[in-house]
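Undergrad: Taken in order, these protein sequences are the chains called F and W.
Throughout the first sequence, residue numbering follows UniProt numbering, covering 1 to 879 in sequence.
Throughout the second sequence, residue numbering follows UniProt numbering, covering 1 to 454 in sequence.
Every residue, glycine too, gets a C-beta built ideally from N, C-alpha and C.
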Amino acid sequence: MSLFQAIEFWTTFCDNEETFDQNSLKISRLNEQYDLIITGSHIGVLRIFKSGTEIDDRGVLQEFKPTDLLLEKDLQSAIIQVDVGKLVSGSQKIQIATLHSKTVKVCSFVTKAGETDHGHQYILKQIYEHKLRRTPSNFVIGPFGKSANRDFICVQSLDGLLTFFEQECFSFCCFLPKFLLPGPLVYLDYNDCFVTGGSTWMLQCFTYKALSDAGEASTQQDISGNKVTEEWVYNTGEEIFNMVVLPNHQKRDNFILALGHKHLYCCNGKGKLLFMKRLECPTSCFSAYLLGDDAKVVSLIVSETKTLLVYGNTTLLWAAQLSFLPVALSRASFPNIKGALVMLSEEGKHHCAYLGTEPHLFAAPPLSNQQLDLDKSEEELNRLYKIIRSRLSEEANRTSTSLEKDLVINLVVDPHLRTNIHPHNLESTDENEKANLMCHVSVELIPHVTFEELQLAVKVQSPLKTSIEAEFYTEVRETISFECDVFFEEALEVVSLEVMVVITCVSNVTFSRVLKKTATLPLKMAVQTCEPRKSGENRITLDLNKDALPLARLFPDFLGENKLSSFSNAVAFKNVNGCGEPVTILLAKSSQRYRLQSDSLSSLNIFLSYMKERLKQFYDNDPGFLITYSAALPVEPIVSFAREHFEIVQEIKRLLDLLTQLAAQYRAIEKRLITKFKDKNPTPVSQFVTLIDDTYEDINESLKRLKYEKGKLNAARNKLECSLNLLISLSRSMDISEDILQSIESVFEPHIYDIEGQSWEDTTDASLCYLLRTVLYKSEKDKLRTIHISFEEIKDFSKFEEHLTQVIERISSFANTSTTENKIEDEYEEIKNEPEQTKEVRSLSAGMETIGSQYGEASLRAISARKSLLKRRHKVSDV
Amino acid sequence: MDPLQEALSLFRRRNFNDCITKCTVILEKQPLDQATWCLKMKALTQRVYVDDIESDRIFVSDLNDENVIASAPRPGTSLKVPATTTSIGLTTRPLTSAGCPLTGTTRPDNDTTIDSPLLNRLKTARPFTSQSARAIRIGTAAILSQKEGPFIQISRLNLSKYAKDPCLSKALFEYLYNHEGDVRNAMELATKALEYTEFKDWWWKVQLVKCYIALNSIRDAEKHLRSALKQQHHLDTYMRLIKLYLRLDQPMSAKEICCAGLQVFPNDTSILTELARLNESILNTDLAVKLYKELAEEDAMNLEAIASVGLYHFYNSQPELALKYYRRILSMGAHFPELYNNLGLCCLYSQQLDLTLSCFQRAVELATDSTSKAEIWYNVSHVALAAGDIELALHCLTLCLSEDSNHAPAFNNLAVLQEKIGNRQLAKVHFNSAKQLQPDLPEAKKNIELLEGN
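1. Once you ignore the five residues that flank F/P522 on each side, which residues in its own chain have a CB closer than 6 Å to its CB?
2. Is it buried or exposed, W/A444, if we count other Cβ atoms within 10 angstroms and call 16 or more buried?
3. Which residue's Cα is closest to the Cα of F/L274: F/G292, F/F255 and F/E280?
4. On the DSSP bridge assignment, give the partners of F/R278 in chain order.
5. Please state whether the Cβ-Cβ distance between F/L185 and W/A35 is less than 7 Å.
6. Alpha carbon to alpha carbon, what distance is there between W/L248 and residue 458 of chain W?
7. Kindly indicate which three-state DSSP category F/S218 falls into: helix, strand or coil?
8. Would you mind reading off the limits of the beta strand (DSSP E) that contains F/K778?
9. Give the list of continuous beta strand (DSSP E) stretches no shorter than 3 residues that lie fully inside the region 7-51 of chain W.
10. Roughly how many angstroms lie between the CA atoms of F/Y354 and F/S287, to the nearest whole one?
11. Mark W/E452 as exposed unless 16 or more other C-beta atoms lie within 10 angstroms of its C-beta, in which case mark it buried.
12. Across which residues does DSSP place F/A332 in a beta bridge pair?
13. Are the beta-carbon atoms of W/L278 and W/P251 separated by less than 7 Å?
14. So the candidates are F/N605, F/D547 and F/Q455; which of them puts its Cα closest to the Cα of F/I503?
15. Alpha carbon to alpha carbon, how far is F/G85 from F/K349? Give it in angstroms, no decimals.
16. Helix, strand or coil: how does DSSP classify F/G40 here?
17. If I follow the unbroken alpha helix (DSSP H) through W/C347, where does it start and stop?
18. Quick one: give me the first and last residue of the beta strand (DSSP E) that W/D236 is part of.
19. What does F/P359 reach in chain W if we use C-beta pairs closer than 9 Å?
20. Quick check on W/A307 - is its C-beta less than 7 Å from some C-beta in chain F?
21. Could you tell me which residues DSSP pairs with F/S28 in its beta bridges?
22. Starting from the N-terminal side, write out each stretch of the beta strand (DSSP E) that is 3 residues or longer and does not extend beyond the UniProt domain "PTHB1 hairpin" (633-732) of chain F.
23. Under a three-way DSSP split, which group does F/W318 fall into?
24. Starting from the beta carbon of F/H42, find every residue of chain W whose beta carbon is closer than 7 Å, and list them in chain order.
25. What in chain F is Cβ-close to W/S227, meaning under 7 Å?
26. Quick check for students: name the residue ranges of the alpha helix (DSSP H) that lie wholly in the UniProt domain "PTHB1 platform" (522-622) of chain F, counting only runs of 4 or more.
27. How would you list, in chain order, the residues of chain W whose beta-carbon sits under 8 Å from the beta-carbon of F/R391?
28. Kindly say whether F/L75, judged by its beta-carbon, lies nearer than 7 Å to any beta-carbon of chain W.
29. Return the CA-CA distance between F/E493 and F/K712, expressed in angstroms with no decimal places.
30. So that I know if they touch, is there some Cβ in chain W lying closer than 7 Å to that of F/I388?
31. What does the Cβ neighbour count give for F/K516, buried or exposed, with the cut at 16 atoms within 10 Å?
32. Of all the CB atoms in chain W, is at least one closer than 7 Å to the CB of F/S199?
33. Across which residues does DSSP place F/H351 in a beta bridge pair?
34. Who are the neighbours of F/V82 on chain W, taking C-beta pairs under 7 Å?
35. At the level of alpha carbons, what is the spacing between W/L392 and W/C359?
Listed below in structure tokens is the structure:
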């Protein structure tokens with residue numbers, strides 16, 4: 001690849017099947033005025049050409065004419081190399097020497113001037129020949145021993161014998177040392193020495209004197225010469241293919257240019273490297289000459305990519321593309337053209353060329369569809385559109401269809417409970433065994449498209465647990481059915497009876513989607529009926545704006561148990577696993593109200609949720625149907641639960657710190673003990689044993705306590721979760737706007753996580769402050785509260801308590817709590833007077849007074865809240 | 001003509017297959033002819049010879065590399081840690097996945113599978129014989145040539161005997177290393193020969209280094225190369241030392257060696273090339289371009305230098321200048337789709353719109369492999385965008401993705417266009433695909449943030 005192309009002006013070729021190599025070409029003037037091209041082929045034909053570089057009338061160089069071939073002679077034996085020199089004694093004329101397989105021939109080229117128009121006659125006259133006893137590989141001609149006007153021949157044989165001929169007579173012969181295969185051989189005239197690149201992959205230099213000394217006594221038959229030593233060697237580290245010697249007249253020295261397969265080396269006659277050049281391509285042939293007075297070495301290298309590279313020392317001067325790959329290359333001077341390139345190819349093409357300075361601009365091949373073929377273009381366009389459309393439609397498919405259409409989920413909760421068979425942490429008493437039930441949940445997935453991956457997870461809130469929590473499917477095409485059981489893991493109150501199925505799937509078009517579905521577990525799983533109690537510390541009254549449902553219809557599962565009939569207006573439940581307090585549910589006869597009461601607020605939670613759900617279901621999700629809770633929200637129980645939780649967390653923290661300390665102590669003792677053991681003078685270690693035992697016991701003790709506290713924390717957390725859930729349920733039944741409700745719900749999220757370093761109080765406190773500052777603000781001052789940036793650890797519970805109380809109170813005050821206490825009072829009086837009332841229910845009346853007093857309290861709070869509201873309104877109007 | 005004479009002539013003419021047949025004939029008659037045996041060995045070696053300096057791949061991220069010096073090198077002292085660059089230009093120069101800037105040419109030693117956002121690569125002017133993995137080449141060639149069994153039974157060789165023969169040992173080593181790929185025996189030979197030459201032959205040291213590097217014993221290799229350099233200055237040794245430091249991820253040391261090498265061999269193109277590449281990969285772009293220019297002065301045919309300078313100008317907001325360089329490459333006879341693609345881009349950004357499309361037309365026509373096709377369609381989409389034809393741009397990007405479904409920037413651009421025509425959902429999906437395919441693509445990250453922010 002090159003910008004320029006060498007321009008061939010003279011070309012000829014051989015008809016016969018001949019081969020040539022790098023030694024087959026020689027350019028010499030012989031005894032003429034201009035250079036002649038001498039070639040000798042491997043089948044033995046010697047040719048001498050002159051390049052007819054005459055310019056014709058049109059100013060164009062003339063091409064090859066048959067008369068340019070001056071001489072063609074079959075020498076009958078393969079010509080290995082041709083060279084020229086003053087090889088005849090007593091003559092200053094230049095003769096041609098040819099190397100054959102068995103001989104060296106020296107011929108004279110004689111011109112007989114023609115007297116007529118047919119031109120001159122050229123004759124090749126053999127002058128002498130030397131028989132060679134060993135097969136030669138190459139030869140070199142030069143004025144060995146600095147002989148003036150005389151050239152000698154040195155023939156290198158294939159096995160490393162150098163035979164010297166001083167013109168017509170044999171001189172001497174000697175073996176080269178360390179020889180295996182012949183390499184190129186050159187003669188340095190200024191230094192009177194020979195340089196060869198042999199099998200040792202080094203340039204070896206032998207002086208002519210050393211060689212002649214070694215071969216002094218030799219004859220052509222007897223070669224018992226001495227061993228020759230090198231003058232110098234230069235380690236090239238690669239095989240040398242070709243060498244050229246140039247004279248450095250200024251320094252009376254020689255340049256040796258050696259071409260290896262990767263590098264071009266240039267040394268002086270003393271074996272010192274002048275420069276080297278890394279070649280990027282394998283080369284086929286090379287030639288060199290000197291340029292100018294400053295002795296710039298110009299090397300011509302033809303690479304295997306048919307590019308002629310002209311280097312001036314190491315700088316690339318020119319590059320030209322050749323039309324063929326030559327095996328031999330030389331520079332010649334012809335009439336009209338000085339410095340033409342003469343090239344010879346392997347099969348005998350003779351070319352003369354010059355470096356064309358006219359850039360040969362690369363013309364890209366024309367586009368195949370230059371002539372716009374409408375049919376073809378349309379076809380191509382359609383093909384491209386097809387690709388585009390298929391992709392676009394794929395994309396459209398991906399986004400438009402919803403997952404609900406693609407995947408149908410059937411979630412079925414079996415209403416019939418069975419005895420639990422899965423492992424649990426419940427205390428195994430007979431009663432528990434009986435009450436320990438499990439509920440069967442089955443999920444069926446019907447896919448309408450293929451899903452590559454699908455994960456199904458079933459979630460229930462602690463203390464409930466599922467037997468299989470998640471399942472992973474791949475390549476979902478057909479219906480999947482998944483079954484699991486829900487059971488109690490621990491004896492705690494149920495926070496929520498909801499079971500949620502979460503499906504995460506990746507469809508075949510690599511979209512990930514999530515789908516959820518929830519169902520409610522039967523209430524029977526968690527509770528059983530018991531004797532109604534007359535009183536409860538915590539009460540909740542629900543108002544309905546439609547007819548209240550009889551209790552028997554509200555709890556159909558429990559019909560007949562504990563005298564629950566369609567006429568009962570009181571029913572009581574307790575948890576199956578005995579925790580928490582029993583809950584009594586009363587139905588007001590004349591008004592549409594229910595009352596739930598229990599000694600523990602947390603126990604109320606599950607019933608409140610269940611009843612709301614059930615009532616809604618009964619009224620068929622009629623939007624007009626409302627369940628309202630109009631009293632103030634319970635504060636004290638929640639705060640006490642929170643306090644309990646907080647205290648346990650603090651205790652756990654203290655225990656952990658203690659453990660850390662004890663462990664550090666233990667390790668320190670251990671270390672000390674080891675150093676004691678290593679001591680050169682042994683000392684008693686009994687006191688260490690006591691220390692270590694004590695520490696060990698302490699650690700054990702605190703671990704036990706930690707375990708106990710963790711169990712307590714679990715219970716406390718459960719209670720708190722229940723009460724928070726209740727709080728949310730109640731808030732929903734109050735007249736609170738949707739956005740405030742959302743904030744409240746997110747703050748009182750009934751999932752409590754106590755992670756190390758951050759407990760529920762820490763995060764909740766920040767959220768509470770946020771609520772107080774924003775949605776629940778009372779005065780302008782509230783807005784100016786400092787903003788919580790980070791979740792700080794709560795150390796002082798009173799502050800948190802204050803925030804919590806404030807928030808719950810403000811929620812109550814935001815809902816327009818009506819004071820209908822008196823009415824309620826009347827209602828329950830009625831209950832008291834019911835004839836079919838059970839004894840237990842009758843005894844409720846005793847507790848009614850306390851109810852009244854409690855509500856009195858609540859109403860007072862409500863009034864104060866309203867007052868403050870009024871104040872605020874007043875303030876606003878002032879402004 | 002004597003058969004050995006003929007074989008030698010064939011060998012000189014690099015006609016290795018015929019040379020081997022000739023030698024085989026001679027060896028059948030004279031099985032113990034050492035010269036012929038050596039010639040055949042050399043011919044066999046030359047036939048599969050690969051320039052191992054050029055093809056030496058540098059594995060930038062090798063997990064099991066025990067030669068790693070610092071896990072958190074200082075900026076500019078490692079090729080593994082992407083340096084940050086602040087360039088103000090037409091477009092910032094894209095970096096490869098390894099954090100190195102895009103080079104002007106594809107080289108055997110850089111990863112050819114990297115996806116580059118803007119295709120500005122050219123195929124190198126150097127012949128591509130050295131591109132495939134060395135071991136594979138050797139294996140296949142050995143099987144092909146030796147149907148009746150291996151030429152040399154390596155297990156039967158008396159290596160210590162051959163180590164003492166200076167004429168045979170070197171050729172035998174090359175045969176063992178290059179033709180047989182038998183590093184273990186080659187190393188044994190090299191060790192013995194080195195001992196025999198009393199550690200005076202630098203060549204054996206360098207060969208030993210080749211074996212050490214093949215066995216990943218880099219530090220030993222370094223020691224031997226340094227000692228070889230003390231004996232004789234040779235380009236080969238310098239090049240190997242430079243490559244070795246690059247492999248060790250010590251660009252500063254490599255640079256030092258480059259400078260030392262340039263003192264001995266002023267203006268040497270191969271060292272200059274290495275130095276320029278090195279500066280380019282540590283984002284010392286200005287110096288790299290200066291060196292590439294020097295290189296082009298020394299070797300005006302060096303496509304890599306021209307293409308690199310062109311690339312520099314392109315990303316330096318001088319598409320007109322870049323166009324000149326690429327046209328020079330074109331006039332030198334290069335005819336690849338990548339070149340036409342680059343010409344098209346230069347024309348586009350230098351407002352020579354009449355030429356733009358015809359350049360891309362040629363590029364599309366010439367492209368054969370899907371990666372370059374994808375890149376060309378991606379660039380055509382830029383032309384469409386410049387013309388304001390969103391529909392066409394969408395189509396081009398779709399074609400690009402149908403050729404190369406891992407083209408992250410195409411996904412990103414497609415997403416931007418989809419967002420523009422209102423398909424936010426689809427845009428999001430495409431942004432995410434882009435981010436997934438190339439996690440460090442800043443555009444995708446930023447766009448996702450923007451989209452989620454709204």
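TA: Checking against the coordinates, here is how it stands:
1. In its chain, beyond the 5 residues on either side, P415 have a beta carbon closer than 6 Å to the beta carbon of F/P522.
2. Within 10 angstroms of the beta-carbon of W/A444 lie 16 or more other beta-carbons, which makes it buried.
3. The shortest Cα separation from F/L274 among F/G292, F/F255 and F/E280 belongs to F/F255.
4. Answer is F/H263.
5. Going by C-beta atoms, F/L185 is not nearer than 7 Å to W/A35.
6. The structure shown does not extend to residue 458 of chain W, since chain W is modelled only from 1 to 454, so the question has no answer here.
7. Coil.
8. F/K778: not part of any beta strand (DSSP E); DSSP gives it neither H nor E.
9. The beta strand (DSSP E) runs of length 3 or more contained entirely in the region 7-51 of chain W do not exist; there are none.
10. Rounded to whole angstroms, the gap between the alpha carbons of F/Y354 and F/S287 is 15 Å.
11. A residue is called buried when at least 16 other Cβ atoms come within 10 angstroms of its Cβ; W/E452 does not meet this threshold and is exposed.
12. DSSP lists F/A340 as partners of F/A332.
13. Annotated as proximal: W/L278 and W/P251, with beta-carbon spacing under 7 Å.
14. Proximity to F/I503 across F/N605, F/D547 and F/Q455 peaks at F/Q455, based on C-alpha coordinates.
15. Rounded to whole angstroms, F/K349 to F/G85 spans 26 Å at the Cα level.
16. Of the three classes helix, strand and coil, the one that applies to F/G40 here is strand, per DSSP.
17. Here the alpha helix (DSSP H) through W/C347 covers P337 to Y349.
18. Element bounds for W/D236: not the beta strand (DSSP E) but the alpha helix (DSSP H), L235 to R247.
19. Under a criterion of Cβ atoms nearer than 9 Å, the residues of chain W adjacent to F/P359 are, in order, S331.
20. Closer than 7 Å: no.
21. Residue pairing from DSSP places F/S28 in a beta bridge opposite F/L36.
22. As far as the UniProt domain "PTHB1 hairpin" (633-732) of chain F is concerned, it has no whole beta strand (DSSP E) run of at least 3 residues.
23. In this structure, F/W318 counts as strand in the three-state DSSP scheme.
24. For F/H42, the residues of chain W that pass the 7 Å Cβ criterion are M1, in the order they occur in the chain.
25. Correct list: empty, because the minimum Cβ distance to chain F is about 14 Å.
26. Secondary structure within the UniProt domain "PTHB1 platform" (522-622) of chain F: the alpha helix (DSSP H) runs of 4 or more consecutive residues, fully enclosed, are 551-554 and 601-618 (chain order).
27. Chain-order list of chain W residues neighbouring F/R391: T398, L401 and S402, by C-beta distance under 8 Å.
28. No, its Cβ sits nowhere closer than 7 Å to a Cβ of chain W.
29. Taking the straight line joining both Cα atoms gives about 13 Å.
30. F/I388 counts as touching chain W.
31. F/K516 counts as exposed, since fewer than 16 other C-beta atoms from the protein chains shown sit within 10 angstroms of its C-beta.
32. Closer than 7 Å to some Cβ of chain W, the Cβ of F/S199 qualifies, so yes.
33. Partner(s): F/T11 and F/M343.
34. What F/V82 touches in chain W: nothing, since even the nearest Cβ is about 14 Å away.
35. Their Cα atoms are separated by approximately 17 Å.
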